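Q: Using the working numbering, you'd call the opening residue of the sequence shown number 3 and step up by one each time.
By construction, the Cβ of each residue, glycine as well, lies at the ideal position given by its N, Cα and C atoms.
Please read all numbers here as calculations on a predicted model, not as lab measurements.
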Amino acid sequence: HNALRIPGASGLLADLQLDADGRPQLPAHELNPVFEQPYSGHYFRIVAPGGALRSRSLWDADLALPPLPADGAPVHVAATGPQAQELLLLARRVRFGADVVEVAITEDLSGFNRGLRRLGFALAGLAALAFAGLLALQHLIVRRGLAPLEQARLDLQRLGAGTLDRLPDTAPAELRPLIHEINRLADQLGTRMQRSRTALGNLAHALKTPLAVLVQLERHPALHAAAHLRAELAQRTRQI
3 HNALRIPGAS GLLADLQLDA DGRPQLPAHE LNPVFEQPYS GHYFRIVAPG GALRSRSLWD
63 ADLALPPLPA DGAPVHVAAT GPQAQELLLL ARRVRFGADV VEVAITEDLS GFNRGLRRLG
123 FALAGLAALA FAGLLALQHL IVRRGLAPLE QARLDLQRLG AGTLDRLPDT APAELRPLIH
183 EINRLADQLG TRMQRSRTAL GNLAHALKTP LAVLVQLERH PALHAAAHLR AELAQRTRQI
């Protein structure tokens, strides 16, 4: 016989016989007990020229055979069995002398598929945890990477407030050129401010003596007769 490549199929075909009318016959004592247990998920159906034979495990249900190729090639399909069982159905045509017999046998994949689904859920959960962990790690790396920038921002505020003369040269190598340029600009501004202070000091010193002279002139007795000139001189002196 040409055996189906499924567990139990070879023994099933080895025990299969056709009576004189072409009806399939199987010795009951030779059958695997799983084919006797109702709705076990292990079913078979044999269709011969003289009739059909099915396992008792089907109980009052039926097992439909898919279209089978004439060359005897096996067919593997997913099927739904009694009580919504997930089945793998394997079937093919087998030649018994001049007769052609169609044989189908099933394997219950419900437990296997449930295990696969549980594994899929577990893997999805692990993937979600790994993704969350990667996001947290990335956030930490970014924060640590940007920490020098935050410190530089705080130092710039202190520099602008006048509590810091220069930015510290402790930044990463990538920021040091920027820090050097800011410090150079701060030095230039400091130099200009010092020059301005010196110029203002010199100006104040230069104006101090002429102002003192003007104040004395304002009090000169010769201006008592010219009240309007004295008032004008006092006003201009106060403005200066």
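Once the 5 residues before and after Q87 are set aside, which same chain residues still bring their CB inside 7 angstroms of it?
A: Answer for Q87: G43, D110, S112, listed in chain order.
Q: Do you know how far the Cα of T108 is from the Cα of L90?
A: The straight-line gap from Cα to Cα measures roughly 5 angstroms.
Q: Taking its Cβ as the centre, do 16 or more other Cβ atoms sit within 10 Å of G83, making it buried, or is it exposed?
A: buried
Q: Would you kindly work out how many angstroms separate the C-alpha atoms of D157 and L169, rounded to a whole number?
A: 6 angstroms
Q: Could you check the C-alpha separation between I143 and A163 for me, to the nearest Å?
A: 31 angstroms
Q: Going along the chain, which residues of its own chain have a beta-carbon closer than 8 angstroms to the beta-carbon of H226, five neighbours each way excluded?
A: R232
Q: Specify, as a first and last residue, the run of the alpha helix (DSSP H) that F114 falls within.
A: 112-163
Q: May I ask you to report which of helix, strand or coil DSSP gives R194?
A: DSSP places R194 within a helical segment (H, G or I) once states are collapsed to three.
Q: Roughly how many angstroms separate the alpha carbons of R197 and R186, rounded to a whole number?
A: Cα to Cα, R197 sits roughly 17 angstroms from R186.
Q: With a cut-off of 8 angstroms, do at least 3 Cβ pairs link the stretch 60-72 to the stretch 33-48?
A: yes
Q: Identify, in the order they occur along the chain, each residue of the same chain with its Cβ nearer than 8 angstroms to the Cβ of I242, setting aside the five sequence neighbours on each side.
A: Apart from sequence neighbours up to five positions away, the residues of its chain that approach I242 with a beta-carbon distance below 8 angstroms are L209, L213, L216, ordered along the chain.
Q: Among A81, E220, H207, V103, which has the Cα closest to the Cα of G53?
A: Among A81, E220, H207, V103, the Cα nearest to that of G53 belongs to V103.
Q: Can you have a look at F114 and say buried or exposed, based on whether 16 or more other CB atoms are within 10 angstroms of its CB?
A: exposed
Q: Which residue's Cα is closest to the Cα of D167: I181, D21, P76?
A: I181
Q: Check each candidate in R25, A93, R194 and name the one with the smallest Cα separation from A246.
A: Since the first and last residues shown for the chain are 3 and 242, residue 246 lies out of range.
Q: Can the beta-carbon of G100 be found less than 9 angstroms from the beta-carbon of I48?
A: Reading the sequence as shown, one finds Ala at residue 100 and not Gly. Contact flag unset, no.
Q: Tell me the rounded alpha-carbon separation between F46 and A124.
A: 35 angstroms
Q: Quick check on V79: buried or exposed, where buried means 16 or more other Cβ atoms within 10 Å of its Cβ?
A: exposed
Q: State the start and end residues of the unbroken alpha helix (DSSP H) segment that holds L33.
A: Where L33 is concerned, there is no enclosing alpha helix (DSSP H), given that its DSSP letter is neither H nor E.
Q: Which of the three DSSP states, helix, strand or coil, is assigned to I242?
A: coil
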